[in-house]
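Position 177 of the sequence shown, counted from 1, bears residue number 192 in the working numbering, the numbering being contiguous throughout. Glycine included, C-beta positions come from ideal geometry on N, C-alpha and C. Here the structure is a predicted model, which means the values were calculated and not measured. The structure appears right after this line, and notes come after that.
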Amino acid sequence: MCGLTFLFSAAQPAEALRQRSAEALRRIAHRGPDDEGLLCVGAAAIGHRRLSIIDLQGSRQPMADASGRFVLAYNGEVYNYRSLRQRLTGRWPFRTSGDTEVVLAGLVSEGPRFLEEMEGMWALALWDTQTETLLLARDRMGKKPLYYQPLAGGIASASELSALAALVAAPWSEDDDSTADYLRYGYYLPGTTAYRGVREILPGHWASWRPGVAVAEHAYWSLPTGGYAGTEESAAAAMREALIEAVRKRLEADVEVGAFLSGGVDSSLVVGILTRHCGVTPKTFSIGFEDPAYDERHYARLAAQTFATDHYEETLTGWDRQALETLVLKHVGQPFADSSLLPTALVSELAARKVKVSLSGDGGDELFAGYQRYQARLLLRWYTRLPPALRTELERLIGHVPEPMAHHSRSLLKKAHLFLDVVRRQESERPYVAPVMFSREVLARLAPDLAGRGHPAPALPAESQPGDLEAMMAGDALVYLPQDILVKVDRASMAHALEARAPFLDRRVVELAFALPGRWHRRMLSGKRVLRAAFGALLPASIWKRRKQGFAVPIHRWLRAEMGNELERLLAAVDTPLTHGPVREMLAEHRSMRRDHGYRLWALYVYLLWRERGTQPAF
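This is the structure in structure tokens:
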């Protein structure tokens, strides 16, 4: 995996373009420590940092065609590049054996429609030196990042925000609509960033730009939903075939491939398919916690023993402020509220000591209705039919009992409190875009100047009724997955020069999963029904039966100690649109162990930390 930069500025001397690009490449050296390339052509500078995975000695970038007219900087892997190369042979004099030149040949020969045939993950910039036209593109699910900012008479683009800031070389300002989105969701909506005027190419889109003409984005793929004509049995068989092939394709590499192994269903399935269907016994990697309520290592060990992997693990012992600041402010480059960024970075660091590529189970919950919130929304349909007086009394009784600080997988009372939270937020999640952190009413108290702000939500499948499972899954796949999960995995893994590949996000797997009726995926308490039907015998029964936990972090405990003190300091010291009273009330309730506001307070802490640093990416 790699990182790229592009800068066009007719007003800047060539040396300034080179210096800015060199600094931008320095800031993303972690994405590609194996090689660096920078090509300046006229008023354009194209840069690349390489993590060598395929064709280790060749395929240097930026890569130009034989005439020198077209120049490509490419970050990604195209798993079907061999078949695409065979189709292009005769129309292109191939000089290398990797996928980069196949991407270059296809785009030059066939234009953006070639993107429709590429299977994998990528972000790329293709520069036509003759017409001075730039093509930017991103993979279907948004696994690889690509940001850009139009400039006066030019444009800048880069894989990470810190690199883009070096190219722009001018201070950025906070976008209030984006801040409102962050307080709502804990991340930014597709296409937007924390900064005014700084954009991100949408997943499944390509964009064109040339001097004097504004950036124009075009979709080459959209998520198809419904339409499967077969039976549940045939769907399970088709999914089995598709996922096995997806794992097999992601073994395409000239280096060793390992796998993350949390002990959950999704990562365990990937490892099981590797060993039982692909003939590979991988190195596997897991992270545990000192707090036993959050430690999943016994399940990871069970899976590792079942499949006889070469297993490695480490323990996250506590909060590391410096590590958090580096990950969020430098690698993400803007506020990011998912605390599992920390253990994801730690397991990536562990894996990077042994391999350069690791498979993951990301996407399984969105594609196969694995989240507990789906169950909660289905229960909500039943709950709203109860007499109002009974609902009021139930909510009073639950609210009267202190909320346990245990993980929800180990406490029915915790689940009851979380369900009550869903009840309180239900109107704020209609229509469903993604789970919200604060209801509209709470957000109006927390940040009154931002309560009515926000970017337009992306176009999503309409909900046929509140709690429509298919609509929720589509929203999570198109918003939560690319803006939270994939940001987390990309930045955490690339911080340690590790390429993470996600078989569940294979195009064939995604399209098949969303072609199926929602009831085939989940029925009340039981999710991932299609996966169970396809691979039931592959995993130990205890892994199938275990309660979903995720990569949760014991932030509730950290916020009752030093992190809570730091939050108070930041609140007093930093000028923000936040109203102090509601934040202090949440912190006091949390410290007294009346309510678990951990993930909300964490989100506010990260935002305040970013504000203290001047609302700029760290370098």
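Beta bridge counterpart(s) of residue i as assigned by DSSP
i	result
arginine 516	Leu374
proline 48	Arg65
lysine 503	Answer by DSSP bridge pairing: none, since lysine 503 is not bridged.
serine 443	DSSP lists no partner for serine 443.
isoleucine 170	Phe23 and Pro165
serine 541	Arg538
leucine 54	Ile61
glutamate 456	Paired residues: none, contrary to the question.
arginine 214	Tyr163
glutamate 189	Tyr210
glycine 18	Arg64
Nearest-angstrom Cα separation, counted from residue j out to residue i
i	j	result
glutamate 92	isoleucine 302	26 Å
serine 36	leucine 54	10 Å
serine 454	leucine 382	26 Å
aspartate 192	glycine 467	9 Å
proline 108	leucine 151	24 Å
glycine 533	glutamate 485	5 Å
aspartate 49	glutamate 271	16 Å
asparagine 638	arginine 523	Nothing in the structure corresponds to residue 638, since the chain is present only between 16 and 634.
arginine 211	serine 249	49 Å
tyrosine 614	isoleucine 570	7 Å
histidine 45	proline 632	16 Å
threonine 207	arginine 42	21 Å
lysine 430	arginine 392	13 Å
glycine 113	alanine 59	25 Å
leucine 124	methionine 133	Looking at the sequence itself, residue 124 is serine, so the reference to leucine does not match. Computed Cα separation, rounded: 14 Å.
alanine 404	arginine 610	24 Å
alanine 140	valine 262	27 Å
tyrosine 235	alanine 184	32 Å
arginine 400	glycine 490	25 Å
serine 172	alanine 252	43 Å
alanine 319	leucine 276	8 Å
methionine 608	proline 417	7 Å
glutamine 101	valine 295	27 Å
glutamine 145	serine 177	30 Å
Where the alpha helix (DSSP H) containing residue i begins and where it ends
i	result
glycine 533	533–536
serine 301	It is not in any alpha helix (DSSP H) - serine 301 instead sits in the beta strand (DSSP E) that spans 298–304.
serine 249	247–264
histidine 415	403–415
leucine 465	Taken as a continuous stretch (DSSP letters only), leucine 465 belongs to no alpha helix (DSSP H), as it is neither H nor E.
alanine 510	Looking at the DSSP string, alanine 510 is not in any alpha helix (DSSP H), and its letter there is neither H nor E.
valine 286	280–292
glutamate 38	29–42
arginine 400	Per DSSP, arginine 400 belongs to no alpha helix (DSSP H) and is neither H nor E.
valine 183	176–183
valine 448	It is not in any alpha helix (DSSP H) - valine 448 carries neither H nor E in the DSSP assignment.
glutamate 526	522–530
glutamate 267	Taken as a continuous stretch (DSSP letters only), glutamate 267 belongs to no alpha helix (DSSP H), as it is neither H nor E.
glycine 490	484–490
First and last residue of the uninterrupted beta strand (DSSP E) at residue i
i	result
isoleucine 558	It is not in any beta strand (DSSP E) - isoleucine 558 instead sits in the alpha helix (DSSP H) that spans 556–560.
valine 230	228–234
valine 272	272–275
tryptophan 224	220–225
Expected contact under 8 Å - CB spacing of residue i and residue j to nearest Å
i	j	result
leucine 40	glutamate 51	6 Å
leucine 266	serine 363	The pair is not a contact, with the Cβ atoms about 19 Å apart (cut-off 8 Å).
proline 218	glycine 169	That belief does not hold up - the Cβ atoms of proline 218 and glycine 169 are roughly 25 Å apart, past 8 Å.
aspartate 377	isoleucine 68	Wrong, their Cβ atoms sit about 18 Å apart, outside the cutoff.
alanine 352	tyrosine 202	7 Å
arginine 626	threonine 591	5 Å
asparagine 90	alanine 138	5 Å
aspartate 325	lysine 298	5 Å
glutamate 189	threonine 630	5 Å
glutamate 147	proline 226	6 Å
tyrosine 389	methionine 254	The Cβ separation is near 18 Å, so there is no contact.
Beta carbon proximity, residue i to chain C, threshold 8 Å
i	result
alanine 549	Of the protein chains in this structure there is only one, and it is not chain C.
Closer than 7 Å: residue i CB and nearest the ligand FAD heavy atom
i	result
glutamate 604	Here there are no bound small molecules, and the ligand FAD is not part of this structure.
What are the complete alpha helix (DSSP H) segments, minimum 4 residues, inside the stretch 78–163? Runs of the alpha helix (DSSP H) inside the stretch 78–163: 96–103 and 114–125.
Just list the alpha helix (DSSP H) runs in the stretch 312–386, keeping only unbroken ones of 4 residues or longer that don't cross its boundaries, in chain order. Taking 4 residues as the shortest admissible run, the stretch 312–386 contains the following complete alpha helix (DSSP H) segments, listed from N- to C-terminal end: 312–322, 336–340, 356–367 and 379–383.
In chain order, which alpha helix (DSSP H) runs of at least 4 residues are fully inside the stretch 559–621? The stretch 559–621 contains these whole alpha helix (DSSP H) runs: 570–574, 577–588 and 595–606.
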